[in-house]
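Structure first, then comments.
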Amino acid sequence: MEKETKEAFFDELYQLDNEDSGEEDQSNASVILPLPRSDVSARTPSNQIVHSSRPEQSLLRTVSAPLPQLSASSPCQANVVERSSFSPTPSSKPSEQVIIDTPIMAKTTASVTARKEASKTIGKRKRGQSLELKSESQQIFNGLAFYFIPNNDTSIPRKLRIRKAMEWGALWIREWRDGVTHVIVDKDLCYDDVLKTLKIKSLPSDIKLVNDRYPADCIMYRFVVNEIQPLYRVAGHDDAVMVQQPPTSALSSETSLQLRAEKQERLPPPQTPSRTEGSELTSSGRVSVDADFAESSTPQRITMPSHACPQNDLDKAIAEAQVTKDLPLDMDEDEYSEESAILDDSENEHSKEEKQRKTKSKKGSFSKSWQENFSCMSKHDGVGTSANPNARTIEILQQMADYYERDQDHWRLTAYRRAIAALRKQARKITTEEQAFALPFIGQRLASKIEEIVWTNKLRRLDNTSLDPNAEVLQLFMGIYGVGLKQATKWIDQGHKSIPELLEKAHLSKNQKIGIAHYEDFKTRIPRAEADRHDQYVRETCSKIDNTVQFTIGGSYRRGAADSGDVDFIVTKPDATIKNLRTIILDRVIPKLFDKGYLKIGLATTDKVDGSKWHGAAALPGTTIWRRIDFLLVPWDEIGAALIYFTGNDIFNRSIRLLASKKGMRLNQRGLWKDVVRGCNRERITQGTLVEGKDEKKIFELLGVPWRPPQHRMC
DNA sequence: TGTCGGAGGAC
DNA sequence: GTCCTCC
DNA sequence: GACA
Ligand SMILES: Nc1ccn([C@H]2C[C@H](O)[C@@H](COP(=O)(O)OP(=O)(O)OP(=O)(O)O)O2)c(=O)n1
Ligand SMILES: [Mn+2]
8 MEKETKEAFF
18 DELYQLDNED
28 SGEEDQSNAS
38 VILPLPRSDV
48 SARTPSNQIV
58 HSSRPEQSLL
68 RTVSAPLPQL
78 SASSPCQANV
88 VERSSFSPTP
98 SSKPSEQVII
108 DTPIMAKTTA
118 SVTARKEASK
128 TIGKRKRGQS
138 LELKSESQQI
148 FNGLAFYFIP
158 NNDTSIPRKL
168 RIRKAMEWGA
178 LWIREWRDGV
188 THVIVDKDLC
198 YDDVLKTLKI
208 KSLPSDIKLV
218 NDRYPADCIM
228 YRFVVNEIQP
238 LYRVAGHDDA
248 VMVQQPPTSA
258 LSSETSLQLR
268 AEKQERLPPP
278 QTPSRTEGSE
288 LTSSGRVSVD
298 ADFAESSTPQ
308 RITMPSHACP
318 QNDLDKAIAE
328 AQVTKDLPLD
338 MDEDEYSEES
348 AILDDSENEH
358 SKEEKQRKTK
368 SKKGSFSKSW
378 QENFSCMSKH
388 DGVGTSANPN
398 ARTIEILQQM
408 ADYYERDQDH
418 WRLTAYRRAI
428 AALRKQARKI
438 TTEEQAFALP
448 FIGQRLASKI
458 EEIVWTNKLR
468 RLDNTSLDPN
478 AEVLQLFMGI
488 YGVGLKQATK
498 WIDQGHKSIP
508 ELLEKAHLSK
518 NQKIGIAHYE
528 DFKTRIPRAE
538 ADRHDQYVRE
548 TCSKIDNTVQ
558 FTIGGSYRRG
568 AADSGDVDFI
578 VTKPDATIKN
588 LRTIILDRVI
598 PKLFDKGYLK
608 IGLATTDKVD
618 GSKWHGAAAL
628 PGTTIWRRID
638 FLLVPWDEIG
648 AALIYFTGND
658 IFNRSIRLLA
668 SKKGMRLNQR
678 GLWKDVVRGC
688 NRERITQGTL
698 VEGKDEKKIF
708 ELLGVPWRPP
718 QHRMC
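Residue numbers for the first sequence follow the working numbering, beginning at 8 and rising by one.
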């Protein structure tokens, strides 16, 4: 019944969005409350059914009902306390389940259940009709009933707030009545305004009065936060209550500490910190480092505005901390502003103007060709990626990224990832919007977020996000081999919270079972020295069968990493075809490796005749930790493309592949192709003709990418 | 305002 | 074809 | 969310 209820909400939203003036028709008194299927007839007779848009589908009825009087004892109180149980208790009084008359919406269910990506499209096409309901586990407002009091000027943004709140499970009560759990007041309104609007003398103590920031924060934290905080206080309301609450003094003091720490951090010039990839590994001398690699340890200089790098004296630090204390710590509007950019075409002139002021073209340089902006065009050696001065900023941005991952907002997530990667590469702390904006993959919005993080440290967030248990569980589940975002989310929605629980109750694929059985093994990094031993072991075994087969370890190992997540073998043999290799490796070497007890299990192997991958697990003799092992079988003529693919990193690959496609070509693990014919709907019709596959460097050349040794491909 | 890597297996 | 997961 |  949950779903149907949401559909009706959706309908209501549709109505909302179609109000041209934004003026509320207050005479159309209506509220929405769910109506249990079994109770439809029992509960409706007292009300006159006027019209229902989809009576056969919807469990809601459109009713004009006399509005119940507000009483001090709200029957929805229970919902506030136990918001997990939404089931309207039969005893609960407000049984009138009322909804306004709504137009019929086509494809409601499709829109509701569509993936974020898809529903976004729908939203665009139909101007915000889509209500992107969150998955069950994300319905944080379930059982809460919000009454919104708008600031007269801002009816449009308010609609977005309402929409958002509903997406996260809130009921929107349009008419003041019994059962309201929260009154949400737009900023600039005070308690007196509230009383005036509601025409009441005082607000019942069980109804929470909060400002418009409250739902935004709850959504951000994915948790119904304590509303008794100065942050959410409505001016003139219940000062006594607020005083009880520990004020944010902890926050401000910590902030100032942080600021001071920053100053200290800045004192010594940025040193080249330890790093995971591209290090010289002097002890073994195994990684050869070319000349320009060493030079790269010079930190990239960023022209900083004079105000960007405050002096290190204590006074200034304290002054800054003081300023910080009074800053509104605004995460504010985060959830909304992005939408308003899409949905409110012309509204919001004020904030738009403000943005415009800063809007400048990202690249001041004019003659720079478009392809210069691809990651793969520049050297990325990973210097200074650990112990990064921007670690704290990255940490916060990562939390944002995690949030959007849960939200299944794929592209925003990758945008955050790229921004984080860009930040990680900086040798200096990025402290201002301008500095941040100058970086690739950091635009206006992220730049201002970064500055905000630097100044406020965003500590508020940690208080509540740690309380979101799903975030951790999601990461836990997604760490299982064979489990992605969808499966993990599904399990969480089913209520699973731990791996033992999965073993007991969830249906698991074969691979997932193995993934669980060796969860820790597969998460353990492989020291470079062990990777070498794998290399040796496999070579030796194979040489007894065919000593012309060549093995190269790709992946992070080839990029010079000190440790790797797995061992990526690139397997080839002079003049061999894929068929030859399959015969040797799949039919003989791999069975032999199994016989010797090295290989433990196959996880994914391409059954196709020309399949070129084998994925499994192995453990060296005398060791117990299972390692993930990849064999990529590569025909002699494709070794160049395969090396590019299997050397990565992932960002580099995506970048260079995108570059290829922009040049009308296609780069995959088999080669560089041209004349790729794409159909009207962008589907590939022909795979094109092979340009080059054999020579790694030639492929770079053909694409106009300066040669990058593996160590410099850590984008 | 449309893109954002490409492939393979399961359905 | 779509969805999901992987490299 | 960035970018062309
Ligand atoms: N999204 C991805 C992930 C990986 N790869 C390519 C580049 C990688 O280098 C190679 C091997 O994948 P791994 O997952 O093994 O990644 P790495 O070897 O780079 O890192 P790790 O140390 O985790 O193994 O596959 C890719 O093209 N796209
Ligand atoms: Mn790897």
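C-beta atoms are modelled at their ideal positions from N, C-alpha and C, and glycine is treated no differently.
Query	Result
Reduced DSSP category for E234 - H, G, I as helix; E, B as strand; rest coil	coil
Where K681 sits in the DSSP three-state scheme	strand
In DSSP terms, what S571 is bridged to	I533
Three-state secondary structure (DSSP) of L483	helix
S739: CB within 6 Å of a non-hydrogen atom of ligand 1	Here the chain has residues from 8 to 722 only, and residue 739 is not among them.
Beta-carbon proximity list for N660, same chain, < 8 Å, skipping 5 on both sides	I651, Y652
Backbone CA spacing between L666 and F381 [nearest angstrom]	7 Å
Assigned secondary structure, C5 (DSSP; H/G/I helix, E/B strand, else coil)	The structure shown does not extend to residue 5, since the chain spans only 8 to 722, so no value can be given for it.
Buried/exposed call for S516, threshold 16 Cβ in 10 Å	exposed
Under 7 Å between C-beta atoms of A426 and I460	no
Quiz: which residues have CB nearer than 6 Å to ligand 2 non-hydrogen atoms	G562, S563, S571, G572, D573, D575
Those residues which DSSP pairs with D637 across a bridge	D575, H622
Under 7 Å between C-beta atoms of G186 and Q146	no
Runs of alpha helix (DSSP H) lying entirely within the stretch 488 to 516, each at least 4 residues, in chain order	492 to 500, 506 to 512
Three-state class that DSSP yields for I214 in the structure shown	coil
Beta-carbon separation (whole angstroms), L640 vs L679, contact threshold 8 Å	No, L640 and L679 are not in contact; Cβ-Cβ is about 19 Å, not under 8 Å.
DSSP-derived helix/strand/coil call for R664	helix
Given G562 as reference, the closest of P628, D637, L509 once Cα atoms are compared	D637
DSSP-derived helix/strand/coil call for R673	strand
Beta bridge counterpart(s) of Y154 as assigned by DSSP	I180, V190
Proximity winner among A624, P598, A408, K599, relative to L610 (alpha-carbon distances)	A624
Opposing strand residues paired with E699 [DSSP bridges]	L679
When K603, D528, Q718 are compared against Y488, the one with the closest alpha-carbon	D528
Three-state secondary structure (DSSP) of L610	strand
Coarse secondary structure for H244, derived from DSSP in three states	coil
Own chain, CB closer than 7 Å to H387, minus 5 neighbours either side, in chain order	K432, H719, R720, M721, C722
CA nearest to the CA of P396, picked from K436, V480, P581, W377	K436
Boundaries (first-last residue) of the alpha helix (DSSP H) holding F444	440 to 445
Residue burial classification, H541 (beta-carbon count within 10 angstroms, cutoff 16)	buried
Status (buried if at least 16 other CB within 10 Å, exposed otherwise) for Q519	buried
Contacting residues, own chain, Cβ-Cβ under 6 Å from D682 (five flanking each side not counted)	G695, T696
Reference A398, options W418, T421, A434, closest by Cα	A434
Identity of the residue in Y544, Y564, L509, D602 nearest P534 by Cα	Y564
Residues near T548 in its chain [Cβ-Cβ closer than 7 Å; skip 5 each side]	V596, K599, L600, K603
DSSP-derived helix/strand/coil call for I658	helix
Counted within 10 angstroms of its Cβ, other Cβ atoms place D195 as buried (16 or more) or exposed	exposed
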